[in-house]
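S.K.:
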Amino acid sequence: VQLQASGGGLVQPGGFLRLSCAASGSIFSINAMGWYRQAPGKQRELVAVITSGGSTNYADSMKGRFTISRDKAKNAVYLQMNSLNPEDTAIYYCYAIWGGSLSWGQGTLVTVSS
Numbered sequence: 798v799q800l801q802a803s804g805g806g807l808v809q810p811g812g813f814l815r816l817s818c819a820a821s822g823s824i825f826s827i828n829a830m831g832w833y834r835q836a837p838g839k840q841r842e843l844v845a846v847i848t849s850g851g852s853t854n855y856a857d858s859m860k861g862r863f864t865i866s867r868d869k870a871k872n873a874v875y876l877q878m879n880s881l882n883p884e885d886t887a888i889y890y891c892y893a894i895w896g897g898s899l900s901w902g903q904g905t906l907v908t909v910s911s
C-alpha cells in the first residue's frame, strides 16, 4: 500500500485545515488508516484512526476538534482539523495497517501561527 498525503499549510490560530490521504496498491487488505503527527523536538503521537469497519479513535487533545473520515470509493481518508492552535503545529503523517504490514505517507506540514 502506498500513501499520498496532502492538505497541509499555514493557518492562523482558530482556523481549520483538511488533510487528505490517498491510498493505492493492495487497498482491499487495509484494516485501518489514520494520522500521526510529530512536532519539533517531540515524539510522534497518534492523532486519529479509522478502521475498515468505520470505528474511530482520537487522541484526547484532538477530541471535539478533529474528525477523521473516509471515502471508500476514492480510497482516501481525511482529517478535518478545526480550532487549530499553535500546539498543533507538526508534520502530519498518514498511515495504513494492512495484511500485517504498516505503510506511511510522506508527511504534510501544518503550521499554526499568526
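Just so we're aligned, residue 798 is where the sequence shown starts under this note's numbering, counting upward by one.
Quick reminder that beta carbons are idealized off the backbone N, C-alpha and C, glycines included.
#1: Note the first and the last residue of the continuous beta strand (DSSP E) segment covering Gly806.
#2: Please report the residue range of the beta strand (DSSP E) in which Asp868 lies.
#3: Restricting to Cα atoms, I'd like to know which of Ser858, Ile888, Ser900 is closest to Pro837.
#4: Tell me the DSSP bridge mates of Ile888?
#5: Please name the residue, chosen from Asn879, Cys818, Ala873, that lies closest to Lys860 on a Cα-to-Cα basis.
#6: Using only CA atoms, which one of Asp885, Ser821, Ala893 lies nearest to Ser910?
#7: Pick helix, strand or coil for Ser817, following the three-state DSSP scheme.
#8: Grab me the residues of Ser821's own chain with a C-beta within less than 6 Å of its C-beta, minus the 5 sequence neighbours each way, in chain order.
#9: Can you give the Cα-Cα distance for Ser898 and Ile847, rounded to whole angstroms?
#10: For a test of the three-state rule: what should DSSP assign to Ser849, helix, strand or coil?
#11: For Val907 and Asn882, I'd like the C-alpha separation in whole angstroms.
#12: Taking C-beta to C-beta, are Tyr890 and Gly904 nearer than 7 Å?
M.R.: This is what the structure holds:
#1: Sequence index remark: in the sequence shown, residue 806 carries index 9 (1-based). It spans 806-808 - the beta strand (DSSP E) in which Gly806 sits, taken as one unbroken run.
#2: In the sequence shown, counting from the first residue as 1, residue 868 sits at position 71. Note, Asp868: beta strand (DSSP E), 863-868.
#3: If you number the sequence shown from 1, residue 837 lands on position 40. Taking only the C-alpha atoms, the option nearest Pro837 is Ile888.
#4: On the sequence shown, position 91 is the one that residue 888 refers to. Paired residue(s): Gln835, Leu906.
#5: Position 63 of the sequence shown holds residue 860. The shortest Cα separation from Lys860 among Asn879, Cys818, Ala873 belongs to Asn879.
#6: Mapped onto the sequence shown, residue 910 falls at position 113. The shortest C-alpha separation from Ser910 is found at Asp885.
#7: Within the sequence shown, numbered from 1, the residue matching residue 817 stands at position 20. In this structure, Ser817 counts as strand in the three-state DSSP scheme.
#8: For the purposes of this step, residue 821 is taken as the residue at position 24 of the sequence shown. When the five nearest sequence neighbours on each side are left out, the beta carbons in the same chain lying within less than 6 Å of the beta carbon of Ser821 are those of Gln799, in order along the chain.
#9: As a first step, residue 898 is located in the sequence shown; it is residue number 101 there, counting from the start. As a first step, residue 847 is located in the sequence shown; it is residue number 50 there, counting from the start. Those two C-alpha atoms are separated by around 16 Å.
#10: Within the sequence shown, residue 849 is the residue found at index 52, counting from 1. In the structure shown, Ser849 adopts coil according to DSSP, grouped into three states.
#11: One-based indexing of the sequence shown puts residue 907 at position 110. One-based indexing of the sequence shown puts residue 882 at position 85. Separation of Val907 and Asn882 (C-alpha to C-alpha, rounded to the nearest whole angstrom) is 11 Å.
#12: Reading the sequence shown from its first residue, position 93 is the one you call residue 890. Reading the sequence shown from its first residue, position 107 is the one you call residue 904. Yes, they are a contact pair.
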